[in-house]
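Q: Quick note: the sequence shown uses this note's numbering, first residue 513, plus one each step. Even glycine gets a Cβ: it sits at the ideal position worked out from N, Cα and C. Would you mind keeping the following structure in view while I ask a few things?
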Amino acid sequence: MKKLFTKRNILLLAVLTLLLLVPQFGVNKFYMHILILILFYAAVSGSWNILAGYAGQLSLGHAIFFGLGAYTSTLLLMKIY
Numbered sequence: 513m514k515k516l517f518t519k520r521n522i523l524l525l526a527v528l529t530l531l532l533l534v535p536q537f538g539v540n541k542f543y544m545h546i547l548i549l550i551l552f553y554a555a556v557s558g559s560w561n562i563l564a565g566y567a568g569q570l571s572l573g574h575a576i577f578f579g580l581g582a583y584t585s586t587l588l589l590m591k592i593y
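If you want it as structure tokens, here you go:
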């Protein structure tokens with residue numbers, strides 16, 4: 513059984529916590545946009561790693577849902593601004 517609290521996991525948790533706290537300090541919109549893109553691509557790569565890496569299946573369905581969600585949110589934000 514693997515240990516849950518390794519140095520790597522604790523460091524990863526600390527970095528993710530800091531990334532989630534960044535918006536609380538009034539960051540520039542450009543940096544906020546870059547942070548959102550980083551977190552988005554981290555989610556996509558994590559899902560691709562689980563699906564193709566561990567399961568060994570080739571499916572792009574999750575990527576289509578991510579893209580559809582990004583496209584829809586862009587269209588909705590264009591209507592607001």
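Using a Cβ-Cβ distance cut-off of 7 Å, determine whether K519 contacts chain C.
A: Chain labels in this structure do not include chain C; a single protein chain is all it has.
Q: In the structure shown, what three-state DSSP assignment does S571 receive?
A: Mapped onto the sequence shown, residue 571 falls at position 59. Coil.
Q: Quick one, are the C-beta atoms of V556 and F577 less than 7 Å apart?
A: Indexing the sequence shown from 1 puts residue 556 at position 44. Indexing the sequence shown from 1 puts residue 577 at position 65. Cβ atoms of V556 and F577: not closer than 7 Å.
Q: Going straight from the alpha carbon of K515 to that of I592, what length do you get?
A: In the sequence shown, counting from the first residue as 1, residue 515 sits at position 3. In the sequence shown, counting from the first residue as 1, residue 592 sits at position 80. Cα to Cα, the separation comes out at about 47 Å.
Q: Enumerate in chain order the residues of its own chain whose CB-to-CB distance from Q569 is below 8 Å, with the five nearest sequence positions on each side excluded.
A: The residue you call residue 569 lines up with position 57 of the sequence shown. Closer than 8 Å at Cβ, skipping near neighbours: L563.
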